[in-house]
Every structure is written in structure tokens, then in C-alpha cells.
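A.B. asks:
In the working numbering, the protein residues as written are 692 to 833.
Here's what the structure looks like:
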């Protein structure tokens, strides 16, 4: 007596479920890798190219060089806004009380003021620190 034939199995549902599971695994892995990359970028410091500024007011003439510190994630923003940041630094330095900057904590206070002014003027908090690398002040009131 011949064996009865069984109907061929329909594997399309199994293939669809397997492909969906594989797509979910790949999607979660990509999201996890992207998240790790962004955490790394946020933790890495970025320093702008040195920004030389020369300015004068009725009391002082100033030549200074600044570097702007941000996170790696904000590096593109700093590069894109470099000229605007430079103009704000120049204006703030022209208006600053440079006699106070000559005091014991004067440069640190000036750096904080420059950082706060840049962030306020640009409507952001991307500037983490303004570093003064060169700072020459001359009196013009003579």
C-alpha cells in the first residue's frame, strides 16, 4: 500500500517572520552603534583654530588670541559660525574692563564673561570655554 502524500509546507510565513526578526536585530544594532558614537562625540573636546583679535577703545588697545572649546558634536557649529563668534569676541573685548583683567583672577573672569556673552549672543550653550592664549594690553590714554 502506497504512503499517502503530505501537502507541501508553505514556508513563506516562516521566511517573513525570520526576515522581520533579522531586520529588527540589524535596526537595533545600528541604533546602538549610533548612540555610542554620539556619546563619544559629546565627550571629546573640540578646540577651534586660534582666533586673533586686535581692537582698541579710548583707554586701551588689545591684541589677543582665543581658542573656543566645544564638544566634538558641536565642532561643525563652531566652524560654521567662526566669523560671527570672532565679531562678538572683538566687541566684548572692546567693551570689557581690562583693568580688572589685570588682577589675580582677572583673565579667568574675562574668559567666563566671553563664554557667557558668546552663548547668549548666539542663543546656545555650545561654547564650553574661551581660552586666552595671548593677551597684550596697551594704554592709549597717554
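Every residue gets a Cβ at the ideal spot worked out from N, C-alpha and C, and that includes glycine.
What residue ranges within the segment 743-802 form continuous beta strand (DSSP E) runs of no fewer than 3 residues, ordered along the chain?
C.D. replies: Counting whole runs of 3 or more residues, the segment 743-802 contains the beta strand (DSSP E) stretches 751-762.
A.B. asks: What residue range is occupied by the uninterrupted beta strand (DSSP E) comprising residue 831?
C.D. replies: Counting along the chain, residue 831 falls outside any beta strand (DSSP E), and DSSP gives it neither H nor E.
A.B. asks: Please report the distance separating the alpha-carbon of residue 786 from that of residue 744.
C.D. replies: Residue 786 and residue 744: Cα-Cα distance of roughly 13 Å.
A.B. asks: Leaving out five residues before and five after residue 741 in sequence, what residues of the same chain have Cβ atoms less than 8 Å from its Cβ?
C.D. replies: If we look at residue 741 and ignore the five residues flanking it on each side, its Cβ neighbours are 756, 757, 758, 824.
A.B. asks: Taking all protein chains shown into account, do 16 or more other C-beta atoms lie within 10 angstroms of the C-beta of residue 737, making it buried, or fewer, making it exposed?
C.D. replies: The residue in question, residue 737, is buried, as its Cβ has 16 or more Cβ neighbours within 10 Å.
A.B. asks: Below 8 Å between beta carbons: does that hold for residue 806 and residue 828?
C.D. replies: Result no, Cβ atoms of residue 806 and residue 828 do not sit closer than 8 Å.
A.B. asks: Under 8 Å Cβ to Cβ from residue 815, same chain only, skipping five residues before and after it: list those, please.
C.D. replies: Taken in chain order, the residues that qualify are 768.
A.B. asks: Leaving out five residues on either side along the sequence, give the residues of the same chain with a beta carbon under 6 Å from the beta carbon of residue 779.
C.D. replies: Closer than 6 Å at Cβ, skipping near neighbours: 809, 812.
A.B. asks: Out of 719, 725, 717, which has the shortest C-alpha to C-alpha gap to residue 764?
C.D. replies: Comparing Cα-Cα distances from residue 764 to each of 719, 725, 717, the minimum goes to 725.
A.B. asks: I need the straight-line Cα distance from residue 729 to residue 723, nearest angstrom please.
C.D. replies: Distance between the alpha carbons of residue 729 and residue 723: 10 Å.
A.B. asks: Just the C-alpha distance for residue 753 and residue 747, rounded to the nearest angstrom, thanks.
C.D. replies: Distance between the alpha carbons of residue 753 and residue 747 is about 6 Å.
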